[in-house]
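Student:
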Amino acid sequence: VPKTTIEFAGALHEEVTKTIELSNPARRPIAYAVRVEGSSVFDLPLGKSVRVEPKSSLSFPVTFSSRFAADAHARLLFLSRGDGVHVAHATSLTFVLSARITSKKPHA
77 VPKTTIEFAG
87 ALHEEVTKTI
97 ELSNPARRPI
107 AYAVRVEGSS
117 VFDLPLGKSV
127 RVEPKSSLSF
137 PVTFSSRFAA
147 DAHARLLFLS
157 RGDGVHVAHA
167 TSLTFVLSAR
177 ITSKKPHA
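Numbers in this note's numbering are just positions in the sequence shown, counted from 1, shifted up by 76.
So, in structure tokens, the structure goes:
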């Protein structure tokens, strides 16, 4: 079940970045494998894995680069990689990514 929908809006060929705040209240680090399922116009600048240290938070950026005039949709998955010993088990997270083009004017 998706946690929320993250909406991107921008002109054709424009890059738009949104961030997701991940927090870890536990005393052990949390590790996630990160995956995008759906449109390839979404990018993960921090890569396909992330580690949130104990009692801290992390801003995780997601970038939308519009290459086509059509709307784009995907799911962003944070899959827990905890072993229960050195890395805490965490709930896997799912977000819906939704992007729409607000202007089709090409860049000058």
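Ideal placement from N, C-alpha and C gives every residue a C-beta, glycine not left out. Only a predicted model underlies this, so the values are computations on that prediction, with no experimental measurement involved.
1) Applying the criterion that 16 or more other CB atoms from any shown protein chain within 10 Å of the CB defines a buried residue, is ALA146 buried or exposed?
2) At 3 residues or longer, what runs of the beta strand (DSSP E) sit wholly inside the segment 121–161?
3) Does DSSP classify SER174 as helix, strand or coil?
4) What are the partner residues of LYS94, as DSSP defines its beta bridges?
5) In the DSSP assignment, find the beta strand (DSSP E) that holds THR80 and state where it starts and stops.
6) May I ask you to report which of helix, strand or coil DSSP gives VAL117?
Tutor: The answer reads as follows:
1) Locating residue 146 in the sequence shown gives position 70, counting from the first residue. ALA146 comes out exposed.
2) Listed in chain order, the complete beta strand (DSSP E) runs (minimum 3 residues) inside the segment 121–161 are 125–128, 132–141, 148–156.
3) Position 98 of the sequence shown, counted from the first residue, corresponds to residue 174. Correct three-state label for SER174: strand.
4) Stepping through the sequence shown from its first residue, residue 94 is reached at position 18. Residue pairing by DSSP places LYS94 opposite VAL138 in a beta bridge.
5) As a first step, residue 80 is located in the sequence shown; it is residue number 4 there, counting from the start. Counting along the chain, THR80 falls outside any beta strand (DSSP E), and DSSP gives it neither H nor E.
6) For the purposes of this step, residue 117 is taken as residue 41 along the sequence shown, with counting starting at 1. Under the three-state reduction of DSSP output, VAL117 falls in the coil class, being neither helix nor strand.
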